[in-house]
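Okay, so here's the structure we're looking at.
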Amino acid sequence: MSDGPLARPISAMARAVRAGTVGPSHFVSAALEAIRARDDLNAFLSVLPGPEAGPPPPASSPGQPRTHGVDSPGSSTAAREDGALAGVPIAVKDNLATLDMPTTCASRMLEGYRSPFEATAVRRLRDAGAVIVGKTNLDEFGMGSSTENSARGPTLNPADRERVPGGSSGGSAAAVAAGLVPGALGSDTGGSVRQPAALCGVVGIKPTYGLVSRYGLVAFASSLDQVGTLARTVEDAAALLDAIAGHDPRDSTSQARPRHSFAAAALGGAEGLRVGVPREYLPESLGPEIQRLCQRALDRLRGRGAEILDVSLPNTHLAIPAYYVIAPAEASSNLARFDGVRFGRRAEGSLSPREMYERSRSEGFGVEVKRRIMLGTYALSAGYYDAYYGSAQRARARVAADFGDAFQEMDVLFTPTSPTVAFRIGERVQDPVQMYLSDVFTVTANLAGIPAMSLPIGRSGGLPVGGQIMAPHWGEVSMLRAAGALEAALAEDGT
Ligand code: GLN
C-alpha cells in the first residue's frame, strides 16, 4: 500500500480532519472498506459496522463539540474532532476492553464477551479523536509468537500468506502492514508487539513498564505486560504513544512522569548517542542475511553521528528459562478467574460444581493456554516455589542488572528483533520450545521493565527483518531518536 488516503502520516490525517479539508469519517470509511476487502488475512475479530450498516451519525448542534464514530450509551465511544488523532482509524488488539465491540482474547472462554468498561489506553485514543475501527486477532490471551493459537484461526502475514505474522499481536501487525489502518495497539509481555512488527515489516513500541496504564488490558503476566503501539513509521508509532502514555489512578503500577513529545523525539536525530551492540544478541548461529542487515543498520546509525560500541549482557541465556517460569506462573494465577462463574463461558448441563469448573475450563481454553496454566501451577506449588519461581526471579534480577551495567555506558542498545524471518504456518506448532525461542531477543526487556522497539531494517528473501532498539527505564526519547534517525537513513538508501 503506497498511496490512497490511508498511506498518509497519522499527524497529516488528523490535521486534514481538524481543518475540515476532509469529512470527519473520511479515513474511517476508507479503513472499513480496506478491512472488508482484506478479510482473507483474518486480522480482525470484530469490525465496527460501516456507515451504511450503522445508525445515522449524530447531528452536531452549535456550541456542542462535534463528534463522530459510534454513539453508544452516553456517547461514551464518540470521538472528538479537534484532537491530535482526530478522525484517525485505529485497530486494537482484542485483549483490550472496549465498550462497543466484544473483547474475546481470541478465546472460546470469552466468546462474545462485552466489557462493561473500557481500557484506559483505548479511552485515551478516543479522547484524542481516534476511532477504533476493529479488534484484532491474537494468540489466545497473548500466549504465543505466531497468532496461530487463536480460537478464530491464524492471521496470515500480508508479505507472504503462507507465513505467520508473528504474535501474539499478529492481527494488529498484519492490519498495519497491509495498510488497513495507519496504527494499532498491541500488548507485549515477552515480545508480542515487537516480534510481529518485525515479521510484518512495521514499527512496534513496547514502552517502559509503568508508562502506559494496564487498566482494561486482560492480564496475562502482570509484572511483564505493557500496552504498546504499532504503525508504519517511527513517528506514527510515537504519536500513538503520546496519546496513551501517562499516569492512571486505576493502575497503581502506572507512573506520573514529566511529559515528553515522543513524536518530536522521533525527529531528534542520533547525533552523539552511544549505541551498544550486545554480542550475545548476534550469535554465529544467526542467519547471515540478518547479520548483514544489522551491520548495515549500525553503519547507518554511525553515519548519523552515533557512536557504536561493543557490549556484553552475560546473563542473556537465563532470560528464556526465567520468562517461561514467571510468565506461566503469573498466567496461572490471572486466569483462575475464568471459571464459568465469575468470568467466562459455562459448560452446559446439570453438573456438580466441580464438574462445572472442570468442563468450563476444559472447553474454554486452548492447548497453549492449558500448557501455561499447568506449567505455572506446578511452578508455584508448595515445595517447588523456591526451586522454580524463586530461582526464576533471581535470574530475572541478573538479566535486569546486566542492563543496568550496560546503560552506565550506553544510551541505547541495538539488536535484531527476532532470530528468524516469518516462518511458515504450522512449522512450529508441534514444537513449543522452538516457538518459545522466537522470543529470545525480546523477553529480556520485559524482564527488566525497560522500553524496546522494533523497526524495519530491510528484507531477507523478500521477507521483512526488524532491528530492535532498547533503552534504560524512561529512556523512550533516546530510543525514538535512534529509531527515527535509522529509519530516515535507510529511507535515503531506498530501503
Ligand atoms: N511469545 C511470548 C509468549 O508466548 C510473548 C507473548 C507476549 O508478549 N504476549 O509468552
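Whatever position you read off the sequence shown (first residue = 1), add 1445 for this note's numbering. By construction, the Cβ of each residue, glycine as well, lies at the ideal position given by its N, Cα and C atoms. None of these values were measured; they are calculated from a predicted model.
- The beta carbon of D1884 sits closer than 6 Å to at least one heavy atom of the ligand GLN.
- Counting only residues of its own chain and dropping the five nearest sequence neighbours on each side, T1822 has a CB closer than 7 Å to the CB of S1777.
- At a Cβ-Cβ threshold of 7 Å, G1628 and I1535 count as neighbours.
- Residue state for A1934 is assigned as helix, using DSSP reduced to three classes.
- In this chain, the alpha helix (DSSP H) harbouring M1801 covers 1798-1809.
- Going by DSSP, V1722 is part of the beta strand (DSSP E) stretching over 1719-1723.
- Nearest in C-alpha terms to A1564, of all of A1643, M1546, T1865, is M1546.
- The C-alpha of V1578 lies about 20 Å from the C-alpha of D1687.
- By the CB criterion at 7 Å, L1630 and A1566 fall inside the cutoff.
- Beta-bridge analysis with DSSP links K1651 to A1897.
- Counting every other CB atom within 10 Å of its CB across the protein chains shown gives A1482 a total below 16, marking it as exposed.
- Taking a cut-off of 8 Å for Cβ pairs, the region 1854-1866 and the region 1799-1809 do not touch, as fewer than three such pairs fall below it.
- Sequence-distant partners of E1716 (beyond 5 residues in either direction) whose C-beta falls short of 6 Å from its own C-beta, in its chain, are G1750.
- Within 10 angstroms of the beta-carbon of S1730 lie fewer than 16 other beta-carbons, which makes it exposed.
- Relative to the ligand GLN, even the nearest heavy atom lies 6 Å or more away from the CB of D1539.
- The three-state reading of DSSP puts G1794 in coil, since its state is none of H, G, I, E or B.
- In the three-state reduction of the DSSP assignment, G1579 falls in the strand class, which pools E and B.
- S1826 sits in coil when the DSSP states are folded into three classes, being neither helix nor strand.
- Distance from the CA atom of L1451 to the CA atom of R1839, rounded to whole angstroms, is 47 Å.
- Non-local C-beta neighbours of G1713 in its own chain, meaning closer than 6 Å and more than five positions away in sequence, comprise R1926, ordered along the chain.
- Here the region 1465-1484 makes no contact with the region 1537-1546; the two share fewer than three CB pairs at distances below 8 Å.
- Rounded to the nearest whole angstrom, the CA to CA distance from A1928 to A1531 is 25 Å.
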